[in-house]
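To start, the structure under review is shown below, and the notes come after it.
Number of protein chains: 2
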Amino acid sequence: MSAAAPDLSRFAVNQITTRDWTLAQAVDGYARAGVAGIGAWVQYVDDAGIAAASRMIRDAGLFVPCLCTTAWVNLTDPVVYRAALDENRRRLDMAAELGARTLVVVPGGLAAGERDLASARARVADALGELLPHARSAGIALGLEPLHPMYAADRSCLSTFAHCLSLCETLGEGTGIVADVYHSWWDPDFVSGLERAGPDRILTFHLCDWLVPTRDLYQDRGMVGDGIIDIAGYRAVLDRIGYDGPFEIEIFSKLDWWLRDGHETTRIAVERCAPFVGARARAKAA
Amino acid sequence: MSAAAPDLSRFAVNQITTRDWTLAQAVDGYARAGVAGIGAWVQYVDDAGIAAASRMIRDAGLFVPCLCTTAWVNLTDPVVYRAALDENRRRLDMAAELGARTLVVVPGGLAAGERDLASARARVADALGELLPHARSAGIALGLEPLHPMYAADRSCLSTFAHCLSLCETLGEGTGIVADVYHSWWDPDFVSGLERAGPDRILTFHLCDWLVPTRDLYQDRGMVGDGIIDIAGYRAVLDRIGYDGPFEIEIFSKLDWWLRDGHETTRIAVERCAPFVGARARAKAA
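Quick look at the structure:
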């Protein structure tokens with residue numbers, strides 16, 4: 000592997016990173032940049048149409064580490080809740096048709112007017128149990144993503160690595176972890192959680208960076224290298240446990256990267272991530 | 000206990016809640032509102048002078064649940080690090096002179112240029128070990144406060160209840176927990192942590208609320224009742240484990256409460272907290 004030709008065979012760009020690109024633009028832009036995969040989002044696939052979306056991704060030869068995300072299930076009205084489960088079954092089918100490995104589980108936080116976080120978490124466990132037969136028959140893993148605790152109220156009540164792993168262990172086959180350094184770097188149990196998960200239960204590994212200061216809770220995530228996350232250290236952990244799955248950059252950045260041209264964002268993402276996403280770390284391959 | 004005369008005997012206001020008040024104004028304002036205690040901050044005490052500060056608090060008959068906070072120890076230069084430890088010894092003495100129960104430990108996050116969070120956490124453990132003899136001889140507990148993970152990089156690398164409790168268990172006598180619903184409400188191990196800590200190791204209990212949306216990571220905390228935290232639920236846990244220590248409202252709010260007159264903020268804090276801070280919950284006292 001030379002600096003001129005980085006090994007990007009395990010590397011995907013999650014398309015929210017280039018928020019203003021259509022799916023067609025993202026597929027084309029990533030493929031031109033030598034990126035091997037695309038993390039897809041439901042709304043872009045819906046915009047393109049599932050048949051066209053599948054065809055353009057397949058024609059470009061991109062792999063699909065994940066489809067983002069489940070519809071929220073933080074709903075106490077049984078009719079609306081069941082409609083969300085049906086929507087999630089549709090998204091599982093969409094993931095299957097795209098050839099994705101997993102549908103990323105982002106289940107929402109508290110329901111409207113709710114303060115009982117334990118109930119919210121129990122509801123998510125119930126919802127996943129209800130979706131699991133469909134996920135298994137579709138061949139799509141439910142990818143539980145621990146989200147940063149600052150999103151516990153309004154985006155996902157799945158906040159820690161250990162909690163998600165316990166859910167996976169309870170639910171069994173057809174579930175796994177979507178790990179993201181942005182969401183879990185602070186977690187004292189992140190490294191032990193990766194070890195406990197093992198290589199097969201880590202479905203995809205998201206890269207990003209934590210900026211100091213962070214100016215917005217939701218959309219001020221940093222480009223790899225611009226923050227304080229020890230990405231090389233986590234890569235070493237992943238190699239130690241034998242992880243050989245995808246690496247995927249995912250950035251929400253209304254203050255910086257979303258304001259730039261998608262080609263520039265993609266080019267810099269590749270440059271910054273190349274040192275961390277090679278097929279195998281050199282020391283391990285030797 | 001009637002609505003007209005709430006029981007505020009365990010209730011303190013942390014003076015950062017009325018940021019623009021001097022110590023003298025805060026002491027006077029809280030005492031007039033019937034509040035029993037004041038959570039003090041080093042800079043206001045320094046401004047007043049320690050002797051005058053102690054006198055005015057004693058004369059007003061206020062108890063002091065805590066002094067905020069330690070000086071940061073996220074320092075890799077040994078000379079600067081040792082100076083921070085000396086400053087913390089001074090603050091322990093200040094806490095003793097004020098009659099405070101604890102000095103709140105907020106140790107900083109990563110050092111400048113540092114990415115290794117495990118090292119940062121080990122450094123904090125070392126620093127606390129170094130300070131412990133002085134704390135014990137001053138009769139002041141080192142109050143480890145789990146801070147929200149969104150502050151792990153730049154304010155405190157003590158992020159979870161379980162991590163702080165383990166540190167207390169390792170360090171032993173002279174340490175305890177400063178619990179804060181704002182920082183820990185999302186933590187799947189918060190309730191079990193309160194139970195594991197037990198009443199004696201919880202030094203003070205901070206009240207606040209989590210706003211949805213939260214517009215600023217640091218200074219957009221909510222008045223009790225304006226957010227989604229299940230404060231009644233946590234009060235029930237505290238009663239169940241026999242906690243009989245202080246309740247203390249602490250709000251950082253550059254977008255709302257800091258813009259108001261201190262008397263208004265104090266009055267509303269009392270109104271909102273009264274249902275949760277009585278000497279003993281009614282069901283338990285019966």
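Chains as they are written, first to last, in numbering that gives the first Met the number 0: chain A, 0 to 285; chain B, 0 to 285.
All C-beta atoms, glycine included, are put in the ideal place defined by N, C-alpha and C.
Sequence-distant Cβ neighbours of Ala126/B in its own chain, meaning closer than 7 Å and more than five residues away, are Val72, Leu84 and Pro106.
Taking 9 Å as the threshold, the shortest C-beta distance from Thr75/B to chain A does not fall below it. For Phe62/A, DSSP records a beta bridge to Gly36/A.
By the rule that beta-carbons nearer than 9 Å mark a contact, Gly38/A does not touch chain B. Taken through DSSP and simplified to helix, strand or coil, Glu247/B comes out as strand. From the listed residues Thr69/A, Phe160/A, Leu170/A and Ala59/A, the smallest Cα separation to Ser191/A is found for Phe160/A. By alpha-carbon distance to Gly128/B, the top candidate from Glu172/B, Asp153/B, Asp229/B and Ser252/B is Glu172/B. Neighbourhood of Arg114/A in chain B, by CB distance below 8 Å: Ile227, Ile228, Asp229 and Gly232, in chain order. Scanning chain B for C-beta atoms nearer than 9 Å to the C-beta of His147/A yields Pro148 and Met149, reported in chain order.
If you ignore the 5 residues before and after Ser183/B, its C-beta comes within less than 6 Å of the C-beta of Pro145, Phe160 and Phe189, all in its own chain and listed in chain order. With contact defined as three or more Cβ pairs closer than 8 Å, the stretch 93 to 108 of chain B and the stretch 271 to 279 of chain B are not in contact. Closest option to Thr69/A, judged by alpha-carbon separation, among Leu164/A, Gly108/A and Gln218/A: Gly108/A. Any Cβ of chain A closer than 9 Å to the Cβ of Leu237/B would place that residue at the interface, and such an atom is absent. Closest by C-alpha distance to Leu74/B, out of Trp20/B, Arg154/B and Ala35/B, is Arg154/B. According to the DSSP assignment, Leu97/B belongs to the alpha helix (DSSP H) that extends over Pro77 to Leu97. In this structure, the straight-line span from the alpha carbon of Phe204/A to that of Glu249/A is close to 10 Å. Looking only at Ala235/B, Gly224/B and Asp225/B, the smallest Cα-Cα distance to Leu193/B is reached by Ala235/B.
Annotation for Thr17/B: no beta strand (DSSP E) segment contains it, and DSSP assigns it neither H nor E. For Ser165/B, the three-state secondary structure derived from DSSP is helix.
Taking every protein chain shown into account, the CB of Asp179/B has 16 or more other CB atoms within 10 angstroms, so this residue is buried.
For Phe189/A, the enclosing alpha helix (DSSP H) starts and ends at Phe189 to Arg200. Distances from the CA of Trp256/A to each of Asp45/A, Pro245/A, Ala268/A and Phe246/A were compared; the closest alpha carbon is that of Ala268/A.
Taking a Cβ-Cβ cut-off of 8 Å, the neighbours of Pro187/B in chain A comprise Arg120, Ser158, Thr159, Ala161 and His162, given in sequence order. Inter-residue distance for Glu270/B and Tyr150/A is about 29 Å (C-alpha atoms, whole angstroms). Restricting attention to Ala4/B, Gly244/B, Asp219/B and Arg220/B, the CA atom closest to the CA of Asp199/B is found in Gly244/B.
In the DSSP assignment, Cys67/A is bridged to Trp40/A and Val103/A.
Excluding its 5 nearest sequence neighbours in each direction, Met55/B has C-beta neighbours in its own chain below 8 Å: Leu22, Ala23, Val26 and Ala47, listed in chain order. Rounded to the nearest angstrom, the Cβ distance from Pro148/B to Trp185/A is 4 Å, consistent with a contact under 8 Å. A straight line joining the alpha-carbon of Val63/B with that of Val12/B spans about 10 Å. Residues Pro198 of the same chain have their beta carbon placed closer than 6 Å to that of Gly241/A, with the five preceding and five following residues left out of the count.
When the beta-carbon positions are compared, Arg114/A and Ile15/B stay at least 9 Å from each other. Annotation: Glu247/A to Val103/A spans about 13 Å, alpha carbon to alpha carbon. Cβ proximity to chain A below 7 Å picks out nothing from the stretch 252 to 275 of chain B. Taking 9 Å as the cut-off, the Cβ atoms of Asp76/A and Ala137/A do not count as close. Secondary structure of Leu116/A (DSSP, three-state): helix. Assignment of Ile227/B by DSSP, reduced to helix, strand and coil, places it in the coil class.
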